[in-house]
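Asks:
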Amino acid sequence: MDNTVLLNIAKTHGDPIYVYDANKIKFQYNRLTSAFKGVKKLKLNYAVKALSNISILKLMKTFGAGLDTVSIEEVKLGLAAGFDPKEIVFTPNGVSLEEIESAAKMGVMINIDNLSILEQFGSKHPNTPVCIRINPHVMAGGNANISVGHIDSKFGISIHQIPHILRIVENTNMTINGVHMHTGSDILDIDVFLYASEILFNTAKQFKNLDFIDFGSGFKVPYKAGDIETNIEEFGDKLTTRFKTFCKEYGKDLTLAFEPGKFLVSEAGYFLTKVNAIKQTTSTVFAQVNSGFNHLIRPMLYGSHHDIINISNTNGRERFYSVVGYICETDTFANNRRINEINEGDILAFKNAGAYCFSMASNYNSRYRPAEILWYNNKAHVIRARETFEDIIKLQKNIDF
Ligand SMILES: *Cc1c(COP(=O)(O)O)cnc(C)c1O
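The sequence shown begins at 15 in the numbering used here and counts up one residue at a time.
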């Protein structure tokens with residue numbers, strides 16, 4: 015997005031503020047669908063937790079996306095956005111049987127990743143088809159926090175437990191209509207992903223009533239210059255060929271499903287903050303912005319890099335800064351970053367702020383969560399108002415002592 019557009023949005027709607035570019039989301043959606051144009055039935059279920067604003071969900075609906083949800087609340091959001099329950103997949107981890115049953119009652123597709131729950135659900139509801147999430151034990155990417163397919167992961171049913179799954183299916187007479195994996199948040203190496211896919215195909219062969227195979231997500235997007243990103247086009251070609259062969263062997267045209275979150279919305283997002291103060295210490299120049307990990311926690315939570323641009327002074331001389339927040343806790347966004355000279359009052363734009371940014375925001379330090387803007391058809395649409403003091407206090411009970 016154009017810096018002057020971003021600056022104008024901050025001027026008109028205040029800061030800190032999140033801005034999302036609808037065109038970029040659409041571009042990414044189209045990129046993924048065209049990479050898989052050779053597949054007869056392709057379904058992209060947008061991972062709601064990446065950015066869960068109802069207007070974003072409605073935008074996804076206009077593209078023809080379904081939804082991937084991880085809580086009953088996300089299911090409700092999807093229904094409120096007008097999705098048909100059949101277009102929603104519920105892929106929770108560690109939730110109660112009751113929550114899964116409530117989702118099933120709403121008519122959404124159920125994905126189960128636990129043998130105990132599978133057995134209980136199958137015994138009580140043998141006529142509700144379910145998908146199973148397997149753990150192929152493949153380590154995608156190097157960060158154990160975001161690789162969920164490895165041996166110690168809490169996600170999925172181990173492929174070594176397939177015989178047990180088959181026994182549960184036989185004993186309960188339930189139907190498995192899909193198999194699923196989600197190996198982690200970084201596919202750096204297409205061959206590793208294809209290797210995991212072979213394990214999924216092998217699993218799929220053992221279930222006779224499948225409608226779909228869900229390959230999860232993990233598409234990597236660039237966060238800074240020189241970053242490796244998933245080569246979607248090459249990946250699409252290779253997996254399409256393999257998938258078609260599988261369908262021929264299986265004797266049915268199955269749906270190929272993905273659940274992209276980050277890939278669709280990360281690069282579409284900008285987080286705009288204002289510089290409250292410049293603080294020069296003996297070793298560092300700090301730029302202190304009117305935000306912190308209450309609004310954007312990824313750098314502190316898992317060391318993520320977000321490019322930061324001084325959109326108030328794009329031609330200024332470059333200097334080194336540590337960009338930090340205003341909360342009473344270490345909240346370093348960036349260390350030793352080369353940024354165009356920063357003055358107090360300047361607006362800094364954080365890039366890649368679409369995925370896992372607002373959706374992880376909190377009210378820590380009793381600060382308001384930012385407003386959200388969708389830039390759509392060359393207009394700024396407010397899709398979430400900035401919170402007010404009323405929002406901070408409304409559920410608190412003011413008892414008398
Ligand atoms: C979070 C999640 C996704 C989305 O992952 P991204 O890396 O954002 O694409 C997909 N599927 C499941 C089950 C998830 O939990």
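The beta-carbon is built from N, C-alpha and C at its ideal position, and this holds for glycine as well. What you are looking at is a predicted structure, and each value in this text was computed from that prediction instead of being measured.
Would DSSP call I242 helix, strand or coil?
Replies: coil
Asks: Measuring CA to CA, which of N354, G368, A369 is closest to L362?
Replies: N354
Asks: May I ask you to list the residues that DSSP assigns as paired with G192?
Replies: C145, F226
Asks: Give the straight-line distance between the Cα atoms of V62 and T105, rounded to the nearest whole angstrom.
Replies: 11 Å
Asks: Here's the rule: buried if 16 or more other CB atoms are within 10 angstroms of the residue's CB, otherwise exposed. What is Y284?
Replies: So Y284 counts as buried.
Asks: R331 by DSSP, collapsed to three states: which one?
Replies: coil
Asks: From this set, E184, R256, L180, which residue's C-alpha is nearest A210's C-alpha?
Replies: R256
Asks: Give a yes or no on whether the C-beta atoms belonging to H27 and A367 are separated by under 8 Å.
Replies: no
Asks: Compute the minimum distance between the beta carbon of G240 and the heavy atoms of ligand 1, and state whether it is under 7 Å.
Replies: no
Asks: Looking only at its chain, what residues have a beta carbon closer than 6 Å to the beta carbon of E133, apart from the 5 residues adjacent to it on each side?
Replies: I182
Asks: Distance check for I242 and P432, CA to CA, integer angstroms please.
Replies: No answer is possible for residue 432: the residues shown for the chain start at 15 and end at 415.
Asks: Measuring CB to CB, does S318 end up less than 8 Å from E273?
Replies: For S318 and E273, no; Cβs fall outside 8 Å.
Asks: From the DSSP output, which residues share a beta bridge with R398?
Replies: E386
Asks: Shorter than 7 Å, the distance from the beta carbon of E133 to the closest heavy atom of ligand 1, or not?
Replies: no
Asks: Name the one or two DSSP bridge partners that L286 has.
Replies: I31, A363
Asks: In the DSSP assignment, find the alpha helix (DSSP H) that holds I182 and state where it starts and stops.
Replies: 176 to 186
Asks: Restricting to Cα atoms, I'd like to know which of L180, I148, I323 is closest to I213.
Replies: Selected option, being the one with the closest Cα: I148.
Asks: Cβ of A367 within 7 Å of any heavy atom in ligand 1?
Replies: no
Asks: What does DSSP give as the partner residues of S172 in its beta bridges?
Replies: N149.
Asks: Roughly how many angstroms lie between the CA atoms of N159 and P150, to the nearest whole one?
Replies: Here the model assigns N159 a pLDDT of 42, short of 50, so the residue's position is not dependable and the matter cannot be decided.
Asks: Take D414 and list the residues in its own chain whose beta-carbon comes closer than 6 Å to its own, dropping the five residues that flank it on each side.
Replies: none
Asks: Which residue marks the beginning of the alpha helix (DSSP H) containing D82, and which one marks its end?
Replies: That residue, D82, is in no alpha helix (DSSP H); its beta strand (DSSP E) goes 80 to 83.
Asks: Once the 5 residues before and after L91 are set aside, which same chain residues still bring their CB inside 7 Å of it?
Replies: V62, S66, I68, L71
Asks: Look up K57 in the DSSP assignment and give the residues it is bridged to.
Replies: BP columns for K57 point to A271.
Asks: From which residue to which residue does the alpha helix (DSSP H) around V89 run?
Replies: 86 to 94
Asks: Helix, strand or coil for M15, going by three-state DSSP, please let me know.
Replies: M15 sits in coil when the DSSP states are folded into three classes, being neither helix nor strand.
Asks: What three-state label does DSSP hand K25 in the structure shown?
Replies: In this structure, DSSP gives K25 a helical state, which the three-state scheme calls helix.
Asks: By the three-class DSSP mapping on this structure, what secondary structure does R442 have?
Replies: This structure cannot speak to residue 442, because the chain is shown only from 15 to 415.
Asks: Tell whether a beta-carbon distance below 8 Å holds between A271 and I204.
Replies: Note that the C-beta distance between A271 and I204 is not below 8 Å.
Asks: In chain order, what are the residue ranges of uninterrupted alpha helix (DSSP H) at least 4 long that sit wholly in the segment 95 to 148?
Replies: 111 to 119, 129 to 138
Asks: Per the DSSP calculation, S231 is bridged to which residue(s)?
Replies: BP columns for S231 are empty, so no partner.
Asks: Taking only heavy atoms of ligand 1 into account, decide whether any of them is closer than 7 Å to the Cβ of T105.
Replies: T105: yes, Cβ under 7 Å from ligand 1.
Asks: Who are the near neighbours of V89 in its chain, counting only those whose CB is closer than 7 Å to its CB and skipping five residues on each side?
Replies: T83, I102, F104, A117, M120, V122
Asks: Buried or exposed: S199, going by 16 or more other Cβ atoms within 10 Å of its Cβ?
Replies: Because S199 carries a pLDDT of 48, less than 50, the predicted location of this residue cannot be relied on, and no value is offered for it.
Asks: Does the contact criterion of 3 or more C-beta pairs under 8 Å hold for the segment 298 to 316 versus the segment 38 to 57?
Replies: no
Asks: Rank A348, M74, V19 by C-alpha distance to the C-alpha of G420 and give the top, closest one.
Replies: Because the chain in this structure spans residues 15 to 415, residue 420 falls outside the shown range and cannot be described.
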